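Scroll down for the structure; my scribbles are underneath it.
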Amino acid sequence: MSDRYLSRRVAGLKPSGIRKFFDIAATMKDVISLGIGEPDFTTPEPILQAGIRSLQRGETHYTSNFGIIELRRALAKHLEKMYGVSYDPETEIVITVGGSEALNLAAIALLNPGDEVIIPTPCFVSYQAAVILAGGVAVEVPSRMENNFDFDPDELRAAITPRTKAILIGFPNNPTGAVASRENLLEVAKMAEEHDLMVISDEIYDQLVYGIKHVCFPSLDGMRPRSLLLGGFSKDYAMTGWRIGYAAGPQDVIKGLLRVHQYMVMSAPTMSQYAALEALTSGAPHVSQMVAEYDRRRKLIVSGLNQIGLPTFEPKGAFYAFPKVGVTGLDDETFCNRLLQEQHVAVVPGNSFGKGGEGFARCSYATSYDQLEEALDRIEKFVRKI
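Taking my numbering, the leading residue of the sequence shown gets 49, the next gets one more, and so forth.
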């Protein structure tokens, strides 16, 4: 069928580079995939059982558009305990179909046609798409390896125009593993105050940090009324397939998100909400165990890539390394294609993640230690060959 029936917004969207390499790898044998940002851990048993029990109780119906109140209350307590930021579970939290829906709700609810959203890049592939599909304009401000892929506040400030409506940040960062400094986040807070902007903060990897403390953006002085916190259970609790996330923010803003949410999906999956409630209740020890194992893998892959000759800065969050593959003389797309075809290792070209990602590749270390060792051996063979 001709794509002439598609809207210009959809027809003009760049296909996901992540999905492209995943689909190719799926057709090949003996592939080690470092391409998908998904924990290799199974959802912890108590969380699994909570979901199963909810089904056995007959909890197979719609919930409130907001989500079950027990989960919202537990989430409010969790955010207060972890970051000192307080939300009313009755009116300031909405449970969504993963963090992805929360992002799309935010874009649709906040943006008028032509409104600009400033996005530090490299970033998760959905950020620009969410803005574009909502009728907005994504304004990318690239970060650099020499700054550990933290954004430059001056460059962010220079991108503000009269059409700017919001700043969209995602730290710990996918694809780089970077963590924004508190000082730089405070600069974003100043910009938001000075220019009356909303800040959308995607903190889906908030508990996956190594040797540092996560800074929750709305916990910064004066930022709670003008920030929208996006989060979820997929990464911290190894619950990607459960599709459960949330947005938290000022009542009027959440009311806007809810208006879109109720027409788009009605409510998040019921059994997933009960599983998420259990995650908040008993999941902390499991998160700690997973973080310790991720940290062990992080040290292996960063050291290994640097020894191979692919410069890699030390990521402080999430589960990604972002080596500079351009030093081989190949562009990132060619490097990743040839590595997959010749050594059966799947990584994602950095250009998939926006400006600043060119010449790099995203390597997920959410796979077993043994697999990472084998992947590093194969990458070394490939780099030596070229």
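Ideal Cβ positions, reconstructed from N, Cα and C, are used throughout, including at glycine. Just so you know, these numbers come straight off a predicted model, no measurement behind them.
| Item | Value |
| --- | --- |
| In the DSSP assignment, what are the bridge partners of R346? | According to DSSP, R346 bridges with nothing at all. |
| What are the residues that DSSP puts in a beta bridge with E188? | I167 |
| Since P92 and G331 should fall inside the 8 Å C-beta cutoff, what is the C-beta to C-beta distance between them, to a whole number of angstroms? | 6 Å |
| By a C-beta neighbour count over all protein chains shown, 10 Å radius and 16 as the cutoff for buried, is Y258 buried or exposed? | buried |
| On the premise that I95 lies in contact with E326, defined as a C-beta separation below 8 Å, what is that separation, rounded to the nearest angstrom? | 5 Å |
| With distances taken Cα to Cα, identify the nearest neighbour of V350 among H334, F367 and S336. | F367 |
| Which residue from E362, N152 and L245 puts its Cα closest to that of N195? | E362 |
| Just list the alpha helix (DSSP H) runs in the segment 206–249, keeping only unbroken ones of 4 residues or longer that don't cross its boundaries, in chain order. | 230–243 |
| Between which two residues does the alpha helix (DSSP H) carrying G99 extend? | E93 to Q104 |
| Would you say D380 and E406 are within 8 Å of each other, going by their C-beta atoms? | yes |
| If you reduce the DSSP assignment to three classes, tell me which class C411 lands in. | strand |
| In the DSSP assignment, what are the bridge partners of A295? | V142 and L278 |
| In this structure, how does DSSP classify S81 when only helix, strand and coil are distinguished? | strand |
| Please classify S135: does DSSP put it in a helix, a strand, or coil? | The sequence given here places Tyr at residue 135; Ser does not occur at that position. Coil at Y135, not helix or strand. |
| Less than 8 Å between the CB atoms is what I'm expecting for V373 and F408, so what's the real figure, rounded? | 6 Å |
| Any contact between the segment 51–65 and the segment 168–182? By contact I mean 3 or more CB pairs, one from each, below 8 Å. | yes |
| Less than 7 Å between the CB of G304 and some heavy atom of the ligand GDP, yes or no? | This structure does not include the ligand GDP; it has no bound ligands of any sort. |
| Grouping DSSP H, G and I as helix and E and B as strand, with all else coil, what is A394? | strand |
| Are the segment 138–145 and the segment 254–268 in contact at 8 Å, needing three or more beta carbon pairs? | no |
| Enumerate, from N- to C-terminal direction, the unbroken alpha helix (DSSP H) stretches of 4 or more residues contained entirely within the segment 316–380. | 318–330 and 332–356 |
| To the nearest angstrom, report how far apart K129 and Y294 are at their CA atoms. | 17 Å |
| How would you call H109, buried or exposed, if buried means at least 16 neighbouring beta carbons within 10 angstroms? | exposed |
| Might you give, ordered along the chain, the residues of its own chain that have their beta carbon closer than 6 Å to the beta carbon of I116, omitting 5 neighbours on each side? | Q321 |
| If you draw a straight line from the alpha carbon of M76 to that of Q391, how long is it in whole angstroms? | 11 Å |
| Determine the direct distance from the alpha carbon of A214 to that of D244, and round the result to whole angstroms. | 9 Å |
| Exposed or buried, S55, counting other C-beta atoms within 10 Å across all chains shown (16 or more means buried)? | exposed |
| Going by DSSP in three states, V257 sits in which element: helix, strand or coil? | strand |
| Please check the pair V308 and L153, which I expect to be a contact at CB under 8 Å, by giving their CB distance rounded to whole angstroms. | 5 Å |
| Thinking Y417 and R345 are a contact (beta carbons under 8 Å), I'd like their distance in whole angstroms, please. | 6 Å |
| Please classify G162 as buried or exposed, where buried requires at least 16 other C-beta atoms within 10 Å of its C-beta. | exposed |
| DSSP on N196, reduced to helix/strand/coil? | coil |
| Going by Cα to Cα distance, which pick from V145, S112, M314 and G398 is closest to L278? | V145 |
| If I follow the unbroken alpha helix (DSSP H) through R426, where does it start and stop? | Y417 to K433 |
| Output needed for G402: all residues of its chain with C-beta closer than 6 Å, excluding positions within five of it in sequence on either side, in chain order. | T169, P170, C171 and E188 |
| With distances taken Cα to Cα, identify the nearest neighbour of R101 among L158, T318, L348 and C384. | T318 |
| Below 8 Å on the Cβ atoms is my contact criterion, and I expect A296 with Y131 to pass it. Report the Cβ-Cβ distance as a whole number of Å. | Not a contact, Cβ separation roughly 11 Å. |
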